[in-house]
Structure formats: C-alpha cells, structure tokens
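*Asks:* Numbering (this note's numbering), first residue to last: 160 to 305.
Using N, Cα and C, we set each Cβ at its ideal position, and we do this for glycine too.
(1) Quick check on DSSP: helix, strand or coil for residue 301?
(2) Spatial neighbours of residue 288 within its chain, please: C-beta separation below 8 Å, excluding the five flanking residues on both sides.
(3) Of the residues 235, 262 and 213, which one's Cα is nearest the Cα of residue 296?
(4) Taking the Cβ atom as the reference point for each residue, do residue 181 and residue 269 lie within a distance shorter than 7 Å?
(5) By Cβ distance, which residues of its chain are closer than 7 Å to residue 205, with the 5 residues on each side in sequence left out?
(6) Report back the beta-carbon spacing between residue 197 and residue 215 to the nearest angstrom; my notes put them in contact at under 8 Å.
(7) How would you write the range of the beta strand (DSSP E) that residue 188 sits in, first residue to last?
(8) Pull up the distance between the alpha-carbon of residue 192 and that of residue 278, whole angstroms please.
(9) What is the residue span of the alpha helix (DSSP H) that residue 231 lies within?
(10) Judging by CA-CA distance, which residue of 281, 256, 299 and 274 is the nearest neighbour of residue 330?
(11) So what does residue 261 bridge to, in DSSP terms?
(12) Got a sec, what are the start and stop residues for the alpha helix (DSSP H) residue 251 sits in?
(13) Where does residue 207 fall in DSSP's three states?
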C-alpha cells in the first residue's frame, strides 16, 4: 500500500490564542518567536499555502528592550512617495509616541511579503500597557522557542 500525503486545509485548522508579556524581553528574540507562531511553524502540521498560525496578544510593549546602542542609534525610515520624501524617525520618538508599533513593525518585517503574510499580521494584537480586550478568547501564556 502506498503512503498518502495529507494536506491541511483552513477548515481542519483550529487556531489558538497566545499572550506574550514583553516586559524585559529583547525585541528581536520576541519578534522572531511571535512570527513563528503567526506562521504556524511551531506546529507539526505546518502548510505553506494555508494560514495555520495562531493569534498572539502582546502586552507591555512599552517595556521592551533593545540590545546594544539601538535605543539611541536606530531609525525607522519611510518614504512619502515624493522626490526627497525620505523620512527618518528615531527609535526614542517612536517608543514615546507609539510603543506598540515597534513590536508590530519588527514582526511585520519577519513575515512573508504577500497576501498570506498580511492575513497572518491581522492576528497580531499589540498593546502598550498590561490591559487588553481579549480575555474572552482565553489566551494561553506564550513560550519562547529558543
């Protein structure tokens, strides 16, 4: 008898919810592990063409830390679309105004740059403080994978 290969479909997959406390954790390490969970690579039934990832809630984003001199030397760059429209925002300014965007951008840049990646990113919920509106989903504590 020949072995059969089964492919996972979106109907078979049941998504779980995880909660991660970012207090005192390094930005890159946390973002890497969140991206793995959003992509579903923490499961043995990962499928590249189906969104098999789980939802992740991140709290205390304002207490994340970065290694080295990144707090004073890192810049976030975007372009307005006009000539000479390159804009740089220092890490400290972003941390002061929108600390949740720091984790969001780090995870976004680790996900695939296609429709599936945008779908995965919708399952990421980042909050600056310790309060979040997802208690009804009963998120399980997040485990760092490395």
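*Replies:* Looking at the atomic coordinates:
(1) Along the chain shown, read from residue 1 onward, the residue named residue 301 stands at position 142. Coil at residue 301, not helix or strand.
(2) Translated into positions along the chain shown, residue 288 becomes position 129. Only residues of its own chain outside the window of five on either side were considered, and among them 218, 219 and 221 have a CB closer than 8 Å to the CB of residue 288, listed in chain order.
(3) As a working note, residue 296 is residue 137 in the chain shown. Comparing Cα positions, the closest option is 213.
(4) By 1-based counting over the chain shown, the position of residue 181 is 22. By 1-based counting over the chain shown, the position of residue 269 is 110. No, the Cβ-Cβ distance between residue 181 and residue 269 is not below 7 Å.
(5) Residue 205 sits at position 46 when you count from the first residue of the chain shown. Cβ within range, chain order: 199 and 211.
(6) For the purposes of this step, residue 197 is taken as residue 38 along the chain shown, with counting starting at 1. For the purposes of this step, residue 215 is taken as residue 56 along the chain shown, with counting starting at 1. Contact check for residue 197 and residue 215: beta-carbon distance about 6 Å, within the 8 Å limit, so the pair qualifies.
(7) Start at 1 with the first residue of the chain shown, and residue 188 comes out as number 29. No beta strand (DSSP E) contains residue 188, which is instead part of the alpha helix (DSSP H) from 186–198.
(8) Against the chain shown, residue 192 aligns to sequence position 33. Against the chain shown, residue 278 aligns to sequence position 119. Near 17 Å, if we compare the C-alpha coordinates of residue 278 and residue 192.
(9) In the chain shown, residue 231 corresponds to position 72, counting from 1. Per DSSP, residue 231 belongs to the alpha helix (DSSP H) from 229–232.
(10) The first residue shown for the chain is 160 and the last is 305, placing residue 330 beyond what the model contains.
(11) Along the chain shown, one-based indexing puts residue 261 at 102. Partner(s): none; residue 261 has no beta bridge.
(12) Within the chain shown, the letter at position 92 stands for residue 251. Where residue 251 is concerned, the enclosing alpha helix (DSSP H) stretches over 250–256.
(13) Numbered from its first residue, the chain shown carries residue 207 at position 48. Coil, per DSSP.
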